[in-house]
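Peer 1: In my numbering, the protein residues as written are 3 to 128.
Just so it is clear, CB atoms sit at the ideal spot from N, CA and C, and this is done for glycine as well.
Small disclaimer: the values here were computed from a predicted structure and weren't measured.
This structure is in structure tokens; I'll ask about it shortly.
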Amino acid sequence: MSIRQEANKLRKYYESLPEWYWKRGIHDAKITMIYEDFEKGRKFLDIHINAAGAIFEQDITKIRLYDHKIISPDNIGVLDGGFWLSDSIETLDSGRYLLKAVISCNDDKDHITLEVRFSDPLVERK
Numbered sequence: 003m004s005i006r007q008e009a010n011k012l013r014k015y016y017e018s019l020p021e022w023y024w025k026r027g028i029h030d031a032k033i034t035m036i037y038e039d040f041e042k043g044r045k046f047l048d049i050h051i052n053a054a055g056a057i058f059e060q061d062i063t064k065i066r067l068y069d070h071k072i073i074s075p076d077n078i079g080v081l082d083g084g085f086w087l088s089d090s091i092e093t094l095d096s097g098r099y100l101l102k103a104v105i106s107c108n109d110d111k112d113h114i115t116l117e118v119r120f121s122d123p124l125v126e127r128k
């Protein structure tokens with residue numbers, strides 16, 4: 003594949019990402035708190051992060067995923083204090099999203115994948 007074809011492929015990928023998504027990435031952001039809760043009858047997953055050490059998007063403070071279903075891990079508490087390594091987002095046929103994020107835990111001894119389906123995101127920035 004030529005460089006031009008690769009560049010077009012990459013451009014199309016970035017254009018396909020949702021507007022709210024952290025397109026440049028939050029690698030090395032620290033998860034300071036993660037929990038599930040309800041607001042006005044809607045279940046959500048809150049991920050509070052300290053992105054000051056992130057390579058790119060250092061202004062994100064919280065990611066809230068409404069109407070979520072956690073696929074893995076079984077216990078999200080293990081992600082507290084972990085560092086965000088990488089992620090991918092997929093728009094499902096249902097209009098929902100699938101987020102897969104690899105989190106480094108236990109001083110980089112464990113890499114745990116957070117996999118969660120959700121309907122609506124809220125990304126808070128400084």
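Beta strand (DSSP E) containing I53: first to last residue?
Peer 2: Inspection of the sequence shows that residue 53 is occupied by Ala rather than by Ile. Taken as a continuous stretch (DSSP letters only), A53 belongs to no beta strand (DSSP E), as it is neither H nor E.
Peer 1: To the nearest angstrom, how far is it from the Cα of I43 to the Cα of Y68?
Peer 2: According to the sequence provided, residue 43 is Gly. The question's Ile does not apply to it. The alpha-carbon atoms of G43 and Y68 are separated by roughly 11 Å.
Peer 1: Would you give the residue range spanned by the alpha helix (DSSP H) that Y99 belongs to?
Peer 2: Taken as a continuous stretch (DSSP letters only), Y99 belongs to no alpha helix (DSSP H), being part of the beta strand (DSSP E) at Y99 to C107.
Peer 1: Need the endpoints of the beta strand (DSSP E) that L67 sits in, please.
Peer 2: That run of the beta strand (DSSP E) goes I62 to Y68.
Peer 1: So, at 8 Å on beta carbons, what are the nonlocal neighbours of V118 in its own chain, with the 5 sequence-adjacent residues on each side left out?
Peer 2: Taken in chain order, the residues that qualify are L47, L67, H70, K71, I72, I73, L100 and L101.
Peer 1: Whose C-beta lies closer than 6 Å to the C-beta of S88 among residues of the same chain, with five residues either side of it excluded?
Peer 2: Only V104 meet the Cβ criterion.
Peer 1: With which residues is T93 paired in a DSSP beta bridge?
Peer 2: Answer is Y99, bridged to T93.
Peer 1: Roughly how many angstroms separate the alpha carbons of S106 and H29, rounded to a whole number?
Peer 2: Going from the Cα of S106 to the Cα of H29 covers about 10 Å.
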